[in-house]
Amino acid sequence: MRIVTKVKNEELEIIKIYISLGFTITVEIFTVPEGYKSLANNSFPQHNELLGTGVHENKKESVKLAIKDLRELMEAFEE
Numbered sequence: 004m005r006i007v008t009k010v011k012n013e014e015l016e017i018i019k020i021y022i023s024l025g026f027t028i029t030v031e032i033f034t035v036p037e038g039y040k041s042l043a044n045n046s047f048p049q050h051n052e053l054l055g056t057g058v059h060e061n062k063k064e065s066v067k068l069a070i071k072d073l074r075e076l077m078e079a080f081e082e
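Per the working numbering, the very first residue in the sequence shown carries number 4; after that it's consecutive.
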């Protein structure tokens, strides 16, 4: 697993998490009045419409919540 972080500006940061060959989770982190809002999606074409979200005062927790939400959506999609 490899993690690459890019800071676009003060209000936007993008994290790419390379899980395995061909599977990547991308998280966009925005600064909002409540703290941070994260949006997570993945590289699987069949999951193109799935978007996990997370809002928290702490950036790391916001990312964790977004990835957790995405995983739950992926599991529900497979059922």
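Built from N, CA and C at the ideal position, the CB exists for glycine as well.
By a beta-carbon distance limit of 8 Å, residue 66 contacts residue 30. Their separation comes to about 5 Å. Collapsing the DSSP output to three states places residue 65 in a helix. The Cβ-Cβ distance between residue 32 and residue 41 falls below 8 Å. Taking C-alpha positions only, residue 35 is separated from residue 23 by approximately 31 Å.
With distances taken between CA atoms, residue 18 lies nearest to 44 out of 25, 38, 37 and 44.
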